Amino acid sequence: MTQVSSTRDPLDLLIEWARAGQPCALATVTSTWGSSPRPAGSMMAVCANGRIEGSVSGGCVEGAVIEEAGSIMATGHPATLSYGVSSDDAWAVGLACGGLLDVYVAAVRTPMHPQGTLDLAMLETVAENRRSRVPVIVATDLATGTSRLLYQTDAAPDVHATSDLDTRLTARARVVFETGRSLRLEDEAGQALWFLHLIPMPPRMLIVGAVHIAQVLAPMAQTTGFSVTVIDPRTQLATAERFPGITLETDWPDETMARLGVDNQTAIVTLTHDAKLDDPTLQYALNGDAFYIGALGSRKTQASRVERLREAGFSTEQIARIHGPVGLAIGAVGAAEIALSILAEIVAVRHNKPLGRISGWT
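For the sequence shown, this note's numbering assigns the number 929 to the last residue and increments by one with no breaks.
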């Protein structure tokens, strides 16, 4: 009987299972219909003991993929599985109509199971890069299962490329890094040759202020897939008892963010109402790549904050990146509802939905 594990990352679980000596395989979406609930690059880990994690279609072809994965684990031969999804099945997973879905399945190669094509050591390198927040592409030859890792430094134009394929892979990798979307490399006839899988970094939320709203927001954000860090030099507030299971930092916020690094998968929220903490945070954030910057406070507080930032030399366009007052205007009352409004706004911004857009301060 298939056992669905708890909501953990498919790649991390795949590595865990392989290290434990279990035969396992990774199913990856390489091409999909226009409005798929699971985009190219979506992963599902399958273990021979019946455990799975992740999804490749939202439910309509998972059973068939799991069955095929059993054969692939036994033989070691990778395969691209193509499915025509009927309109009835498409409706069941939230689509307007059916379409085509390609899923590439490869078994993991370990000393105990050497017949696979997906090398465990390479997967461990990928996982380490992700923990270090280093973007990486797993480029896979769909015919042979051979894979190589590509980094942003590899995606620069190479005048010394030894083959047309190398040149095309490099050009395609640049597109993948720029757009953040995994893509296939095809020949002139449209035949898929390679799949360039951009391994997603988990979205991260840096919460400045170990206050009561943060006590609700932090675990709520974790549940939705964010890696969460609460930052507050006030050690009487930033305690493990108040934030069980949450990473805590007690250095000054700007110093902590400089040490951790801020990338375009980072959301920053200030909740302190204290300019000594909020202002350095916002000044650092506005000079970085965070996809979301939010600050708690009334409109009057935000107006004063904006004026201080202008005096510090920040432009109107830069200041307009701040969502303040933070959160969607849902009439939130109390810590739980305010946390909900903040998280909802962050999710909307991350997915570029109208609810998360701001008009900016003038």
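For glycine and all other residues, C-beta sits at the position ideal for the given N, C-alpha and C. Note that this is a predicted model, so its numbers are computed, not measured.
Next on the checklist: Once DSSP output is grouped into helix, strand and coil, what is the label at I766?
Outcome noted: coil
Item to check | Contiguous alpha helix (DSSP H) assignments of at least 4 residues, all confined to the region 782–856 | outcome: 820–827, 842–853
Checklist entry - So V672 packs on I639, CB below 8 Å; how close in whole Å? => result 5 Å
Item to check | Straight-line Cα distance separating I835 from V742 | outcome: 27 Å
Item to check | Nearest-angstrom Cβ-Cβ length linking V795 and I774, presumed shorter than 8 Å | outcome: 7 Å
Checklist entry - With 16 other CB atoms within 10 Å as the buried threshold, where does R586 fall? => result exposed
Checklist entry - Using 8 Å as the Cβ pair cut-off and three pairs as the minimum, do the region 848–861 and the region 881–888 touch? => result yes
Checklist entry - With a CB to CB cut of under 8 Å and the five nearest residues on each side skipped, what residues in its chain are close to F744? => result P702, I704, Q719, A722, L765
Next on the checklist: Below 8 Å on the Cβ atoms is my contact criterion, and I expect P770 with G792 to pass it. Report the Cβ-Cβ distance as a whole number of Å.
Outcome noted: 6 Å
Item to check | 4 or more residues per run - each alpha helix (DSSP H) lying fully within the region 603–654 | outcome: 629–642
Next on the checklist: Please return the same chain residues whose Cβ sits closer than 6 Å to the Cβ of Q682, not counting the five positions on each side in sequence.
Outcome noted: G643
Checklist entry - When we look at the beta-carbon of R751 and count the other beta-carbons within 10 Å, is it buried (16 or more) or exposed? => result buried
Next on the checklist: Could you tell me the alpha carbon to alpha carbon distance between A674 and R809, rounded to whole angstroms?
Outcome noted: 43 Å
Checklist entry - Taking the continuous alpha helix (DSSP H) assigned at L910, which residues delimit it? => result 901–917
Checklist entry - By DSSP, does T569 sit in helix, in strand, or in coil? => result Because T569 sits at a pLDDT of 34, beneath the cut-off of 50, its placement in the model cannot be relied upon, and the following sentence gives the value as read from the coordinates. Correct three-state label for T569: coil.
Checklist entry - Apart from the five residues on each side of it in sequence, which residues of its chain come closer than 8 Å, Cβ to Cβ, to C591? => result L581, W584, A585, A612, V613, C614, A615, M640, A674, V675
Checklist entry - Among L709, L593, R735, M679, which has the Cα closest to the Cα of I633? => result L593
Item to check | Anticipated Cβ contact below 8 Å, T530 with A759, distance rounded | outcome: In the structure displayed, the chain extends from 568 to 929; residue 530 sits before or after that span and is not available.
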